[in-house]
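S.K.: Here this note's numbering is used: the sequence shown runs in plain steps of one and ends on residue 742.
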Amino acid sequence: MLLVVIVGGGFLLYREIKKLEAVLGDPCSQEELRSAQSPSGMSKASVFRVNCGATTGFAYSVSLIGEGEKIDLKTDYIFSKSGLDDIGVTWKNDDEIAVTYENTGRVFRKAVVWRGYDITYEIAGK
Numbered sequence: 617m618l619l620v621v622i623v624g625g626g627f628l629l630y631r632e633i634k635k636l637e638a639v640l641g642d643p644c645s646q647e648e649l650r651s652a653q654s655p656s657g658m659s660k661a662s663v664f665r666v667n668c669g670a671t672t673g674f675a676y677s678v679s680l681i682g683e684g685e686k687i688d689l690k691t692d693y694i695f696s697k698s699g700l701d702d703i704g705v706t707w708k709n710d711d712e713i714a715v716t717y718e719n720t721g722r723v724f725r726k727a728v729v730w731r732g733y734d735i736t737y738e739i740a741g742k
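1. What's the C-alpha gap between W707 and R650?
2. So, helix, strand or coil for I713, using DSSP?
3. For G732 and T672, what's the separation of their Cα atoms in angstroms?
4. Which residues mark the beginning and the end of the beta strand (DSSP E) in which E683 is found?
5. Quick check: what's the CA-CA separation for G626 versus I735?
6. Check whether the Cβ atoms of D702 and Y676 lie closer than 9 Å to each other.
7. Starting from S645, follow its DSSP beta bridges and name the residues at the other end.
8. I need the DSSP call for F695, collapsed to helix, strand or coil.
9. If you measure between the beta carbons of G704 and A727, is that distance less than 9 Å?
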């Protein structure tokens, strides 16, 4: 999504961009790289590579979803970063997940609680 802020007519421009996205579709694609089922099999954590075209680098995200739920890759993510594909996910139990990643790139989102799940993080090598 492109967000341009212009004082005065900014809202109109934003609205027109959203209309264009609705017609053309989302310019970004997401590819699931790996996933881990919770111990009970009722939830899944997935690592995705996000590609928004030639003018941007890849981003990587982690999403959590319960069994039978539909995932919305624009909003249902607990962790997101740029840089390398170096993210690992491990379930500690049915309610807690650990995310491990290298200290490369920029972290955009790092939730510690998500829909009843507790999330911990560890930078690899530290």
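The beta carbon of each residue, even a glycine, is placed where N, CA and C say it ideally should be.
M.R.: Based on what the coordinates show:
1. On the sequence shown, residue 707 is found 91 positions in, with the first residue counted as 1. On the sequence shown, residue 650 is found 34 positions in, with the first residue counted as 1. Near 14 Å, if we compare the C-alpha coordinates of R650 and W707.
2. Here residue 713 refers to the residue found at position 97 when the sequence shown is read from its first residue. If DSSP states are grouped into helix, strand and coil, I713 belongs with the strands.
3. Here residue 732 is taken as the residue at index 116 of the sequence shown, counted from 1. Here residue 672 is taken as the residue at index 56 of the sequence shown, counted from 1. Rounded to the nearest angstrom, the two C-alpha atoms are 33 Å apart.
4. Within the sequence shown, residue 683 is the residue found at index 67, counting from 1. First-last for E683: undefined, no H or E at that position.
5. Residue 626 sits at position 10 when you count from the first residue of the sequence shown. Residue 735 sits at position 119 when you count from the first residue of the sequence shown. Because G626 sits at a pLDDT of 47, beneath the cut-off of 50, its placement in the model cannot be relied upon, and the following sentence gives the value as read from the coordinates. So the alpha carbons of these two residues sit roughly 37 Å apart.
6. Here residue 702 corresponds to residue number 86 of the sequence shown, with the count starting at 1. Here residue 676 corresponds to residue number 60 of the sequence shown, with the count starting at 1. Going by C-beta atoms, D702 is nearer than 9 Å to Y676.
7. Taking the sequence shown and counting its residues from 1, one reaches residue 645 at position 29. For S645, which the question treats as bridged, DSSP gives the partners N667.
8. Mapped onto the sequence shown, residue 695 falls at position 79. Of the three classes helix, strand and coil, the one that applies to F695 here is strand, per DSSP.
9. Against the sequence shown, residue 704 aligns to sequence position 88. Against the sequence shown, residue 727 aligns to sequence position 111. Cβ distance not < 9 Å, so G704 and A727 don't count as in contact.
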